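2 protein chains.
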Amino acid sequence: MNKIINHWYDERFQDASSIGYRIIEHLHHSVSPFQTVDVYGTSDFGNMLALDGCIMLTEAHEFLYHEMLVHIPMLSHPNPQRILIIGGGDGGTAREVLLHNTVQQVDMVEIDEEVVKVSRQFLPGLSCKLDNPKVKLIIQDAVEFVKGLREVYDVVLVDSTDPIGPGEGLFSSAFYQDVLRSLNPGGIVVVQSESPFGIKGEVAAIQKKMRAIFPLVKLYWGPIPCYPHGTWSFTYCSKSGEEPIIRRPQAAATIELTAKYYNRQMHQAAFVLPNFMKQF
Amino acid sequence: MNKIINHWYDERFQDASSIGYRIIEHLHHSVSPFQTVDVYGTSDFGNMLALDGCIMLTEAHEFLYHEMLVHIPMLSHPNPQRILIIGGGDGGTAREVLLHNTVQQVDMVEIDEEVVKVSRQFLPGLSCKLDNPKVKLIIQDAVEFVKGLREVYDVVLVDSTDPIGPGEGLFSSAFYQDVLRSLNPGGIVVVQSESPFGIKGEVAAIQKKMRAIFPLVKLYWGPIPCYPHGTWSFTYCSKSGEEPIIRRPQAAATIELTAKYYNRQMHQAAFVLPNFMKQF
Numbered sequence: 001m002n003k004i005i006n007h008w009y010d011e012r013f014q015d016a017s018s019i020g021y022r023i024i025e026h027l028h029h030s031v032s033p034f035q036t037v038d039v040y041g042t043s044d045f046g047n048m049l050a051l052d053g054c055i056m057l058t059e060a061h062e063f064l065y066h067e068m069l070v071h072i073p074m075l076s077h078p079n080p081q082r083i084l085i086i087g088g089g090d091g092g093t094a095r096e097v098l099l100h101n102t103v104q105q106v107d108m109v110e111i112d113e114e115v116v117k118v119s120r121q122f123l124p125g126l127s128c129k130l131d132n133p134k135v136k137l138i139i140q141d142a143v144e145f146v147k148g149l150r151e152v153y154d155v156v157l158v159d160s161t162d163p164i165g166p167g168e169g170l171f172s173s174a175f176y177q178d179v180l181r182s183l184n185p186g187g188i189v190v191v192q193s194e195s196p197f198g199i200k201g202e203v204a205a206i207q208k209k210m211r212a213i214f215p216l217v218k219l220y221w222g223p224i225p226c227y228p229h230g231t232w233s234f235t236y237c238s239k240s241g242e243e244p245i246i247r248r249p250q251a252a253a254t255i256e257l258t259a260k261y262y263n264r265q266m267h268q269a270a271f272v273l274p275n276f277m278k279q280f
Numbered sequence: 001m002n003k004i005i006n007h008w009y010d011e012r013f014q015d016a017s018s019i020g021y022r023i024i025e026h027l028h029h030s031v032s033p034f035q036t037v038d039v040y041g042t043s044d045f046g047n048m049l050a051l052d053g054c055i056m057l058t059e060a061h062e063f064l065y066h067e068m069l070v071h072i073p074m075l076s077h078p079n080p081q082r083i084l085i086i087g088g089g090d091g092g093t094a095r096e097v098l099l100h101n102t103v104q105q106v107d108m109v110e111i112d113e114e115v116v117k118v119s120r121q122f123l124p125g126l127s128c129k130l131d132n133p134k135v136k137l138i139i140q141d142a143v144e145f146v147k148g149l150r151e152v153y154d155v156v157l158v159d160s161t162d163p164i165g166p167g168e169g170l171f172s173s174a175f176y177q178d179v180l181r182s183l184n185p186g187g188i189v190v191v192q193s194e195s196p197f198g199i200k201g202e203v204a205a206i207q208k209k210m211r212a213i214f215p216l217v218k219l220y221w222g223p224i225p226c227y228p229h230g231t232w233s234f235t236y237c238s239k240s241g242e243e244p245i246i247r248r249p250q251a252a253a254t255i256e257l258t259a260k261y262y263n264r265q266m267h268q269a270a271f272v273l274p275n276f277m278k279q280f
């Protein structure tokens, strides 16, 4: 159980470890049909969004997650035009996707409208691009949305919560099969794939499922201080088996100019795994 | 102030963020002339050492720190024979140093004998090599120890606590000057250099001091879940200005076989900095 004691919010993870921040204000609390939605003002890291008590982001750290989730697949694809974001109700993923001028359409399928609403109010730096005409916001369970789609998207970004609660179906083999079918030839999907330091083998379980479905599956990683254990993994899957190399060097150079995390060297370095992650 | 509430130990860092673990047992508490020394048994991460309330290591995560502190400089040096460890009373750094068969002498200068004593009792996986005949344990303030030394060591490893309390002097320019003098030509020093996500510019401050003293200073980094923000930096300094490349490929291949973090690709990738770290 998470604890808020004397203005500290400590998220307890798997009843084993915790990460927390000093809280100045509890800005918002609501209960949607899917989850509790809370926004806290932290002392030093901006506003913080928590869903069902799990910290989803702080304003100070969100660039780490969104840049790495988005730019690695977007710059590995030679011409990403149609993009599907699954989850991502805060808007940070859409914001980064729209930095790529090849993009013509961004379908964003978020199950919980309340997250979008709350982000518009309390996280303007993330939700700022949700009214862009290229973005089509679809309030629906993505598990249903992807069923029967065939060769629609160039890049699919699974920006989900953890594999408990409303995000659970987004970690199933059946869902990954539907995502594969929804991709154009040469399409790429990246999923947020939990912490490599998790004590329940979450990363390995996702790799195993993905490897049974996609011809190329590669793990990459980066630091995210507000997520359990402070380090997070992403799983890159290619429908055509193509390696995650930069295929639009000019666009990569442009993204690098304003990015706070991503650069072209990091595009490669993020895939270099410590020995213990090679076991996954 | 750190809190132990209902068997959770939450370390409060800079009054802004926290990291914690569920505690099964408080195995040891003592007050040395320098600091409080505590050992806790955690639910899932082995025994945990805290000095003055700051988490120094868990048995589950210590490989991340010790491998990256030690193997990067040791394998970048063509023939590291005489090694100085500053701090490192738990023994983990000495254990990794002794994996290199070029090593003839390891001087370990620890200010607080109590840390060594407690590690011998509660952290046998770390302290296991402290009785190796190559290791000379010197209980002394390293600031005093290095004064006046000239061209004695090939590699110096500053395995210190944070720049408050007994470790403070180990972050001064005067100390770094003495370390420079203590190095043989071609010598290398690596210092643990705090979290890149710290809110007080710790990493940048260390870089600035080092760059004024050494001809080559390079930052590298890795994940350490039990340290503030879950990511840590190391600063590599070369007396002769030589880049941190692998200079003993056969030894690197051997180390890689049993390491849990280090591998030859990571030797390079650890120096690839996200954009925000390039500002430091």
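Going down the list, the protein sequences come from chains A and B.
Going by the working numbering, the first residue of the first sequence is number 1, and it counts up by one from there.
Going by the working numbering, the first residue of the second sequence is number 1, and it counts up by one from there.
Virtual Cβ for every residue (Gly too), placed ideally from N, Cα, C.
Because the structure is a prediction, the values reported are computed rather than measured.
- Asp90 of chain A is positioned such that its CB atom lies closer than 8 Å to that of Leu126 of chain A.
- Burial check for Pro228 of chain A: the Cβ neighbour count within 10 Å reaches 16 or more, so the residue is buried.
- The beta carbon of Val115 of chain A sits no closer than 8 Å to any beta carbon of chain B.
- Asp15 of chain B and Leu157 of chain A have their alpha carbons spaced roughly 35 Å apart.
- Gln265 of chain B and Ile72 of chain B have their alpha carbons spaced roughly 11 Å apart.
- Annotation: Phe234 of chain A has no Cβ neighbours in chain B at a cutoff of 9 Å; minimum Cβ distance is about 14 Å.
- With a threshold of 16 other beta carbon atoms within 10 Å, Glu243 of chain B falls short and is exposed.
- Annotation for Gly41 of chain A: the continuous beta strand (DSSP E) segment containing it runs Thr36 to Thr42.
- Lys278 of chain A sits exposed, since fewer than 16 C-beta atoms from the chains shown fall within 10 Å of its C-beta.
- In this structure, A:Met56 is the residue among A:Met56, A:Gln177, A:Gln268 and A:Val203 with its C-alpha nearest to the C-alpha of Val115 of chain A.
- Residue environment analysis places Glu151 of chain B among the exposed positions, since fewer than 16 neighbouring C-beta atoms fall within 10 angstroms of its C-beta.
- Shown in chain order are the members of the region 27-44 of chain B whose Cβ falls below 8 Å from a Cβ of chain A: Thr42, Ser43 and Asp44.
- Here Ile19 of chain A is not near His7 of chain A, since their CB atoms are 8 Å or more apart.
- Within chain B, Pro223, Gly230 and Thr231 have C-beta atoms less than 7 Å from the C-beta of Pro223 of chain A, given in sequence order.
- Rounded to whole angstroms, the separation of the alpha carbons of Ile188 of chain B and Glu59 of chain A is 38 Å.
- Per DSSP, the unbroken beta strand (DSSP E) holding Tyr9 of chain B starts and ends at Trp8 to Phe13.
- Each residue's CA atom was taken as its position, placing Ser172 of chain A and Val155 of chain B some 50 Å apart.
- Around Asn47 of chain A, no beta-carbon contact reaches into chain B at under 7 Å, the shortest distance being about 14 Å.
- Taking a contact as a CB-CB distance under 8 Å, the pair Phe234 of chain A and Met108 of chain A does not count as one, their CB atoms being some 18 Å apart.
- By DSSP's assignment, Val191 of chain B forms a beta bridge with B:Val158 and B:Thr235.
- The C-alpha of Cys226 of chain B is placed about 30 Å away from the C-alpha of Leu180 of chain B.
- Boundaries for Ala94 of chain B: no beta strand (DSSP E) harbours it, while the alpha helix (DSSP H) harbouring it runs Gly92 to Val97, taken from the DSSP string.
- Interface residue (Cβ-Cβ distance to chain B less than 8 Å): Met74 of chain A is not classified as such.
- One Cα belongs to Ile245 of chain A, the other to Lys129 of chain A, and the distance between them is close to 27 Å.
- A residue is called buried when at least 16 other Cβ atoms come within 10 angstroms of its Cβ; Pro249 of chain A does not meet this threshold and is exposed.
- Contact check for Glu110 of chain B and Gly87 of chain B: beta-carbon distance about 6 Å, within the 8 Å limit, so the pair qualifies.
- Interface flag for Pro215 of chain B against chain A is unset, since no Cβ pair is found closer than 8 Å.
- Counting along the chain, Ala50 of chain B sits inside the beta strand (DSSP E) bounded by residues Asn47 to Leu51.
- When 9 Å is used as the limit between beta carbons, Arg22 of chain B is near these residues of chain A: Arg12, Asp15, Ala16, Ser17 and Ser18, in chain order.
- For the pair of segments examined, the region 92-107 of chain A was found to touch the region 129-142 of chain A: the number of CB pairs separated by less than 8 Å reaches three.
- The distance from the Cβ of Val146 of chain A to that of Phe122 of chain A is about 29 Å, inconsistent with a contact at the 8 Å cut-off.
- Annotation for Pro225 of chain A: no beta strand (DSSP E) segment contains it, and DSSP assigns it neither H nor E.
- Inclusion of Ser238 of chain A and Phe271 of chain A in the CB contact set at 8 Å is not warranted, their separation being larger than that value.
- Take Pro166 of chain A, set aside five residues on each side of it, and the residues of its chain with a beta-carbon closer than 7 Å to its own are Phe34, Gln35, Ile111 and Asp112, in chain order.
- Under the three-state reduction of DSSP, His26 of chain B is assigned to strand.
- The Cβ neighbour count for Gly201 of chain A, taken over all protein chains shown within 10 Å, is under 16; the residue is labelled exposed.
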